[in-house]
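Student: Sharing a structure with you now.
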Amino acid sequence: MSNQYQVQCDCAAVQLSMTGAPKVQAFCHCDDCRDLLQVPYHSVLAWDEKWVNITSGQEQVAEFQHPHKRMKRIFCKSCGEVLYNTNAMGWKLVSQLLLAKCNGGQLPAELASNAHFFYAKRNVDIEDGLPKRS
Ligand SMILES: [Zn+2]
Ligand SMILES: [Zn+2]
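When you read off a place in the sequence shown, starting at 1, and then add 44, the result is the number in the numbering used here.
This is the structure:
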């Protein structure tokens, strides 16, 4: 039996489900994530595209193709919350913060980050025991 996760946007118009285990669960410090999402680093849960699905509110979903990066923001037209973004591989990246918010404030333990990616590009230093990759 594979794990199933649910999130919804702030106005609850859009619901999203994720199935199984992510391909990547990590903190990403790359310029692209920062530019796309205006965060100091992205708390990434990256799934193969087929495992992340809109289960309700498809008509409220809009997507924005970044003008020169192969990335998209997928968000709710009503409240503006980003539900996930895509990367150049077409993976769907859901924020750990959104999943935690929709899960009583706690990220399920099996989804915790196991590394920092592009740490050399960081805006902020992180003091934790996770491996750091350039
Ligand atoms: Zn919404
Ligand atoms: Zn990144």
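Backbone N, C-alpha and C define an ideal beta-carbon position, used for all residues, glycine too.
The model shown is predicted, which means the values in this text are computed figures rather than measured ones.
(1) Less than 7 Å separating the Cβ of Ala70 from some heavy atom of ligand 1?
(2) By Cβ distance, which residues of its chain are closer than 7 Å to Val68, with the 5 residues on each side in sequence left out?
(3) Examine the Cβ distances between the stretch 46-57 and the stretch 113-129 and report whether three or more of them are shorter than 8 Å.
(4) Any chance the CB of His160 is under 7 Å from a heavy atom of ligand 2?
(5) Please state the DSSP three-state secondary structure of Glu125.
(6) Between the stretch 92-99 and the stretch 57-65, can you find at least three pairs of beta-carbon atoms closer than 8 Å?
(7) Using C-beta distances below 7 Å, list every residue in its chain close to Ala159, excluding the 5 sequence neighbours before and after it, in chain order.
(8) Say yes only if the C-beta of Cys120 is nearer than 7 Å to one or more non-hydrogen atoms of ligand 2, and no if none qualify.
(9) What does the Cβ neighbour count give for Val138, buried or exposed, with the cut at 16 atoms within 10 Å?
Tutor: The short version:
(1) On the sequence shown, residue 70 is found 26 positions in, with the first residue counted as 1. No, since every heavy atom of ligand 1 falls outside the 7 Å radius drawn around the Cβ of Ala70.
(2) Numbered from 1 along the sequence shown, position 24 holds the residue referred to as residue 68. Closer than 7 Å at Cβ, skipping near neighbours: Val88 and Ala90.
(3) Judged by Cβ distances under 8 Å, the stretch 46-57 makes contact with the stretch 113-129, as three or more pairs qualify.
(4) Position 116 of the sequence shown holds residue 160. Every heavy atom of ligand 2 is 7 Å or more from the Cβ of His160, so no.
(5) Mapped onto the sequence shown, residue 125 falls at position 81. Note: Glu125 maps to coil in three-state DSSP.
(6) yes
(7) Taking the sequence shown and counting its residues from 1, one reaches residue 159 at position 115. Taken in chain order, the residues that qualify are Ala70, Leu174, Pro175 and Arg177.
(8) For the purposes of this step, residue 120 is taken as residue 76 along the sequence shown, with counting starting at 1. No, Cβ of Cys120 sits at least 7 Å from all heavy atoms of ligand 2.
(9) For the purposes of this step, residue 138 is identified with residue 94 of the sequence shown, where counting begins at 1. Looking at its Cβ environment, which holds 16 or more other Cβ atoms inside 10 Å, Val138 is buried.
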